[in-house]
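Colleague:
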Amino acid sequence: MNASFHHESVLSAEVIDFLRPAMGRTIVDGTLGGGGHSSLLLHGGARVVGFDRDPDALHYSRKKLTSYGDLFTAVEGNFAEAPRILATLGIEKLDGILLDLGVSSHQLDTAERGFSFQSQGPLDMRMAKSGLTAADIVNTLEASELARIFREYGDEPRAIQFAARIVRARQHGAISSTRQLAELIAAGRSGPRHPATRVFQALRIAVNDEIGSLERALPSFGNLLAPGGRMAVITFHSLEDRIVKHFFRRHSLVEIDDPTWPSARPNPDLLFDTLTPRSITASPVELERNPRSRSARLRVVERLLTPQKKGAA
Ligand SMILES: C[S@@+](CC[C@H](N)C(=O)[O-])C[C@H]1O[C@@H](n2cnc3c(N)ncnc32)[C@H](O)[C@@H]1O
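Per my numbering, residue 10 is the first one in the sequence shown, and the count goes up by one each step.
1. Measure from the alpha carbon of L314 to the alpha carbon of each residue in D282, R93, E264 and P271, then state which is nearest.
2. Mind checking which residues open and close the beta strand (DSSP E) that includes L108?
3. Mapping the DSSP letters down to three states, classify L74 as helix, strand or coil.
4. Can you tell which of M32, A183 and L50 has its C-alpha closest to the C-alpha of I25?
5. Report, in whole angstroms, the separation of the C-beta atoms of D104 and G231, which I expect to be a contact under 8 Å.
6. For L50, which of helix, strand or coil comes out of DSSP?
7. Which residues does DSSP list as the beta-bridge partners of T283?
8. Within its chain, find whatever has a CB closer than 6 Å to the CB of I194; leave out the 5 residues flanking it on each side and keep chain order.
9. Put S304 into one of helix, strand or coil per three-state DSSP.
10. Looking at the structure shown, is A183 part of a helix, part of a strand, or coil, going by DSSP?
11. Between the segment 249 to 264 and the segment 136 to 150, do three or more beta carbon pairs fall short of 8 Å?
12. To the nearest angstrom, how far is the alpha carbon of D266 from that of F257?
13. Going by Cα to Cα distance, which pick from N276, F27 and H16 is closest to L307?
14. Quick check on the burial criterion: 16 or more other C-beta atoms within 10 angstroms. Buried or exposed for Q116?
15. Quick check on A168: buried or exposed, where buried means 16 or more other Cβ atoms within 10 Å of its Cβ?
16. Examine the Cβ distances between the segment 127 to 147 and the segment 242 to 250 and report whether three or more of them are shorter than 8 Å.
17. When burial is assigned at 16 or more other CB atoms within 10 Å of the CB, is L67 buried or exposed?
18. Could you give the first and the last residue of the continuous alpha helix (DSSP H) run that contains D61?
19. Any heavy atom of ligand 1 closer than 7 Å to the Cβ of G163?
20. What is the rounded straight-line gap between the Cα of S272 and the Cα of S288?
21. According to DSSP, simplified to helix, strand and coil, what is V263?
22. Measuring only from the beta carbon, is N87 closer than 7 Å to any heavy atom that is part of ligand 3?
23. So T82 and L107 are in contact, right, with Cβ under 8 Å, and what is the actual spacing, rounded?
24. How do the segment 86 to 93 and the segment 171 to 181 stand: do at least 3 beta-carbon pairs fall below 8 Å, yes or no?
25. Please state whether DSSP places D278 in a helix, a strand or coil.
26. Taking the CB atoms as reference points, tell me whether H15 and D109 lie closer together than 8 Å.
27. According to DSSP, is D38 part of a helix, a strand, or is it coil?
28. Kindly indicate which three-state DSSP category T290 falls into: helix, strand or coil?
29. In chain order, what residues of the same chain have a beta carbon less than 8 Å from the beta carbon of Q317, not counting five sequence neighbours either side?
30. Where does P201 land, buried or exposed, given buried means 16+ other C-beta within 10 angstroms?
31. Between P236 and the rest of its own chain, which residues show a CB-CB distance below 6 Å, the 5 nearest in sequence each way excluded?
32. Inspect the beta-carbon positions of A215 and F88 and report whether they are closer than 8 Å.
33. So, for G332: in the same chain, excluding its five sequence neighbours on each side, which residues have a beta-carbon less than 6 Å away from its beta-carbon?
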């Protein structure tokens, strides 16, 4: 493990403005990473429980945030398991939740983790250090399933072609390194964007079941929020953003309508007020400083005091 941990937090000022950390508030950071957002939340006075699946991130954040003592708790695990784990810590309601999805720069830049096509490493891509690796997926799934992963998680227009190429190549021996896969996909082509960019992103999402974790976590986090508590989610990928947007929308519409009904009806799933009618993106200053913030989108909701209150307002 590298001694240093490089990751620049995105949309930090916006996250802090929305989550309003203060003494007496309990906030879950579901994606601790380098502890950048968490340190700002702790600095604001909040108690923070941070989750990460990656033991390296945990190790680094624990060291970095040790001066906050009991105000900071770091838990190794998937944020989708947070409600169960929080219950064991005696925490039943939260004032804030942050999810800053995807991988950290540290993970991407550590060659032996196998996330990047730009450096040579084992074809791994696991955030946690257990479970199936990208090599397991690439060397065992049928072409149709590989193509689905590339299309759904990577928006890869040449998904079928790349899947067929992988299946042909693995007949001559397993594909086991990042370079091997990147070269197989590129097949001598180059361009401003490496041809393997989308395939690597798609494999990472599949290996870590990132969509499944998000879909499981959102409803349970929604229920854990205290009235007036806020949930902020930063996504870097259109599929994730769509999931968050639809979930927030479904639970913040005051009324729902259907062409077969005589009139609109109160929404039985009303839970939140949307604080970001449009997603928030990085400012030009942040974009200049941190190019990784380019695709970041922040959406925030607030748990209603009572479902009726918003209808009456
Ligand atoms: C973008 S980084 C977070 C950076 C962090 N906000 C900061 O300021 O340093 C995402 C982190 O979330 C972790 N992660 C992603 N999905 C996760 C999940 N389902 N459960 C727990 N941790 C997850 C990754 O291992 C990674 O360390």
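In this text, a Cβ means the ideal position worked out from N, Cα and C, and glycines have one as well.
Modeller: With the given structure in hand:
1. Of the candidates D282, R93, E264 and P271, the one whose C-alpha sits nearest the C-alpha of L314 is D282.
2. Boundaries of the beta strand (DSSP E) harbouring L108: L103 to D109, taken from the DSSP string.
3. L74 carries a coil assignment under DSSP once its states are collapsed to helix, strand and coil.
4. A check of alpha carbon separations from I25 across M32, A183 and L50 identifies L50 as the nearest.
5. Wrong, their Cβ atoms sit about 14 Å apart, outside the cutoff.
6. DSSP places L50 in the helix class (H, G or I) of the three-state scheme.
7. Looking at the DSSP output, T283 bridges to V310.
8. Closer than 6 Å at the Cβ level, and outside the excluded window around I194, lie F171, P204, A205 and V208.
9. DSSP places S304 in helix when its eight states are reduced to three.
10. Here A183 sits in coil by DSSP.
11. Touching, no, given that fewer than three Cβ pairs across the two stretches are closer than 8 Å.
12. Each residue's Cα considered, the two are about 17 Å apart.
13. Closest option to L307, Cα to Cα, is F27.
14. Q116 sits buried, since 16 or more C-beta atoms from the chains shown fall within 10 Å of its C-beta.
15. Its Cβ being crowded by 16 or more others within 10 Å, A168 is buried.
16. The segment 127 to 147 vs the segment 242 to 250: no contact.
17. L67 is buried by the Cβ-count criterion.
18. Membership of D61 in any alpha helix (DSSP H) is not indicated; the residue belongs instead to the beta strand (DSSP E) covering R56 to D61.
19. No.
20. The straight-line gap from Cα to Cα measures roughly 30 Å.
21. Look at V263 here: in three-state DSSP terms it is coil, with no helix or strand label.
22. With respect to small molecules bound, the structure shown includes ligand 1 and not ligand 3.
23. Not a contact, Cβ separation roughly 15 Å.
24. Under the three-pair Cβ rule at 8 Å, the segment 86 to 93 does not count as touching the segment 171 to 181.
25. Correct three-state label for D278: coil.
26. It is not a contact, given that the beta carbons lie outside the stated cut-off.
27. In the displayed model, D38 falls within a strand according to three-state DSSP.
28. Reduced to three states, the DSSP call for T290 is coil.
29. Summary for Q317: the model assigns pLDDT 48, below 50, so the residue's position carries little reliability; its value from the coordinates is reported in the next sentence. Nothing listed; no residue qualifies.
30. Around the C-beta of P201, fewer than 16 other C-beta atoms lie within 10 Å, and the residue is accordingly described as exposed.
31. These residues qualify, in order along the chain: R312 and L314.
32. Taking 8 Å as the Cβ cut-off, A215 and F88 do not qualify as a contacting pair.
33. With the chain represented from 10 up to 322, any question about residue 332 goes unanswered, as that position is not in the structure.
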